[in-house]
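The structure appears below as C-alpha cells.
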Ligand code: EPZ
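Numbering (this note's numbering), first residue to last: 705 to 1135.
Below you can see the structure in the form of C-alpha cells.
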C-alpha cells in the first residue's frame, strides 16, 4: 500500500511552481464535449481525478490525445453515447459535470451519482433544480442521474438556494447552448467558476457576470474549438503557504494569482508570518513565534473550506487558542483524531473546532481521510519531530501533482514508498 514517509523538523526552503487548478480543469474537460472541434487544454494538473475524467471521455467515443502531462487535445465529434459509467467515475465528485455538458450538447445524459471526499452529505438537488428549470426531466434510477430535454433546453431564471460551486458550473455547461437568456442568481464566485466561464466564452459562448452573484447566459447556436490554459490552483498554493508557516520555512510559491490567495494571506499575516506578494508569486516566511487567530470558512472571497484542514494544522502549532468554524460542509473535521496521535490539542463541537496550540508534534503513523485532510497530515508530519507515515495517499494524489517531488525540492525528507522494506530503508537512512 503506497504511503508517504517523512522525517519532520526541517524548515522547508526554496521555490515551488503551482500546477493548474484541479477544480477548474474538471469543469473545462467536461465542457470540451460541447463542440465537435478540437479543444486544446494547457496547464492541466497531472492528478488522478483529471485522468479519470479524460478516460471517461474516451469511453464514450471522444478522442483524447495527451500531448504531455500538462496538455491534452480533446475532440468530441465522434461521441457515441450519453451514458458514462465505470468504477472510477463513480468515485469522483466532478463526474456530475458530464450531466450538464451532455445535456447541453445532446439534450440527454445518464451519469452515476457523484462520489468524492466524504466531508458531508453533498446532495446535488441544486444541480437538478437548474436542469429542470431549463426544461429537462431528471430521474434517479439505479444510482444514476437520467436526464432528458426532449424539446431542447430553454432559457430560465434560476435562483440557487445554496451557493454551490458544482451547481453553478453545471448549469452554465447546460445553458450555454440553450435558446434564450438564462439568469442564475446566488451563484458561487470561486476563481474556478470564472475560469470555466472564460473557457466557454473562448469557445463562443455568451456568459456574463461570472465572479459576481448573478450569471447571465445568452444561448448560442454552436460552440467552436479553442486553446485554453487553466488558471493556477488556489488551494495547492495555499497548502504550500501553510507548509512554509508550519515548518517555519521560507518558500517562494510561483505561478499563482495573488488575488485568489487574499483570505489565506490575511490569516497567515494575522498569525505573524511574513508574506511578500509579486505579480505571479508569493513568498511566505514562517516566523518562529506564531499567534492564534480565528477562521470561518465561507464561499469565495471568504476563507476557502478546502484550506480548513491545512490552516487548522498550522494553528495547532501556534501559541494560544484559535476557533475554526466550518460553515460549508458538515463533516470536515475527521482529521482531528488523526492529528491527536501527533500531540495536537483540538476539541470539536459540531461545526466548530477549538484549537489550543502546542509547541511541537511528534511523528506517528496516520491516515489521509480525504484529499485536504491528507494534505494537512503531510504538513503535520513535515513539522513534527521524528518519523511520520501518511497512509491512504491515493486521496492526496487525486488533487496534488507529485507532492513528494515538490516537497523534496524544498528540502523535505519525504519519500513515496509502497513496501515496509522501503519504509525501513527510509528509517535507517533518516537516522
Ligand atoms: C466543489 O465541491 C469542490 N469540488 C470542493 O473541493 C469544494 O470543497 C467545494 O466545491 C466548495 O468550494 C470540485 O470542484 C470537484 P458545493 P461541490 O456544491 O461542488 C451544498 C477539494 O478538496 N450543496 O459548492 O460538491 C453542499 O452539501 C474538493 O478539491 C447542496 O446542498 O461543493 C455543501 O454544503 C472537496 N446542494 C455546499 O452546498 C447541491 O446541489 C457547497 O457545496 C450542491 C451543494
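C-beta: ideal position from N, C-alpha, C; glycine also.
> In the DSSP assignment, what are the bridge partners of residue 861?
Replying inline: For the purposes of this step, residue 861 is taken as residue 157 along the chain shown, with counting starting at 1. Answer is 887, bridged to residue 861.
>> Using a Cβ distance threshold of 8 Å, determine whether the region 1104-1116 contacts the region 1049-1066, with at least three qualifying pairs required.
In response: no
>> Going residue by residue through the region 1064-1112, where are the continuous alpha helix (DSSP H) segments of at least 4 residues, counting only ones entirely within it?
In response: 1075-1087, 1098-1101, 1107-1112
> Can you name, in chain order, every residue of its own chain whose Cβ lies under 6 Å from the Cβ of residue 862, other than the five neighbours on each side?
Replying inline: Taking the first residue of the chain shown as position 1, residue 862 is located at position 158. Around residue 862: 834, 837, 888.
>> Here's a check: name, in chain order, each residue in its chain whose Cβ is nearer than 6 Å to the Cβ of residue 980, leaving out the five neighbours to either side.
In response: As a first step, residue 980 must be located in the chain shown, where it is residue number 276. Around residue 980: 987.
> If you count every other CB in all the chains shown that lies within 10 Å of the CB of residue 844, and 16 or more means buried, which is it?
Replying inline: For this step, residue 844 is matched to residue 140 along the chain shown. Exposed, because fewer than 16 other Cβ atoms sit within 10 Å of the Cβ of residue 844.
>> Once the 5 residues before and after residue 787 are set aside, which same chain residues still bring their CB inside 6 Å of it?
In response: Locating residue 787 in the chain shown gives position 83, counting from the first residue. So the qualifying residues of the chain are 814.
> Shortest alpha-carbon distance to residue 1060 belongs to which of 1072, 994, 1077, 1130?
Replying inline: As a first step, residue 1060 is located in the chain shown; it is residue number 356 there, counting from the start. That would be 994, whose Cα lies nearest to the Cα of residue 1060.
> For the putative contact between residue 819 and residue 797, defined by C-beta atoms under 8 Å, what is the C-beta separation to the nearest angstrom?
Replying inline: Translated into positions along the chain shown, residue 819 becomes position 115. Translated into positions along the chain shown, residue 797 becomes position 93. At roughly 6 Å, the Cβ-Cβ gap stays under 8 Å, so residue 819 and residue 797 are in contact.
> Do residue 764 and residue 736 have their CB atoms nearer than 8 Å?
Replying inline: Sequence index remark: in the chain shown, residue 764 carries index 60 (1-based). Sequence index remark: in the chain shown, residue 736 carries index 32 (1-based). In this structure, residue 736 does not lie closer than 8 Å to residue 764 by Cβ.
>> For ligand 1, is there any heavy atom lying closer than 7 Å to the beta carbon of residue 1010?
In response: As a working note, residue 1010 is residue 306 in the chain shown. True, at least one ligand heavy atom lies under 7 Å from that Cβ.
> Is residue 829 near ligand 2, with its Cβ less than 7 Å from a heavy atom?
Replying inline: Questions concerning ligand 2 fall outside what the structure shown contains, since the ligands it does hold are ligand 1.
> Does the region 733-749 come close enough to the region 802-810 to have 3 or more Cβ pairs within less than 8 Å?
Replying inline: yes
> Exposed or buried, which one is residue 1010 when buried takes at least 16 other CB atoms within 10 Å?
Replying inline: The residue you call residue 1010 lines up with position 306 of the chain shown. Buried, since its Cβ has 16 or more Cβ neighbours within 10 Å.
> What do you get for residue 748, buried or exposed, if any count of 16 or more other CB atoms within 10 angstroms of its CB means buried?
Replying inline: Against the chain shown, residue 748 aligns to sequence position 44. With 16 or more other Cβ atoms within 10 Å, it is buried.
> Taking 7 Å as the cut-off, is the CB of residue 1033 close to at least one heavy atom of ligand 1?
Replying inline: The sequence position of residue 1033 within the chain shown is 329, counting from 1. Under cutoff, so the answer is yes.
>> According to DSSP, simplified to helix, strand and coil, what is residue 802?
In response: To locate residue 802, count along the chain shown from 1; it is residue 98. Correct three-state label for residue 802: helix.
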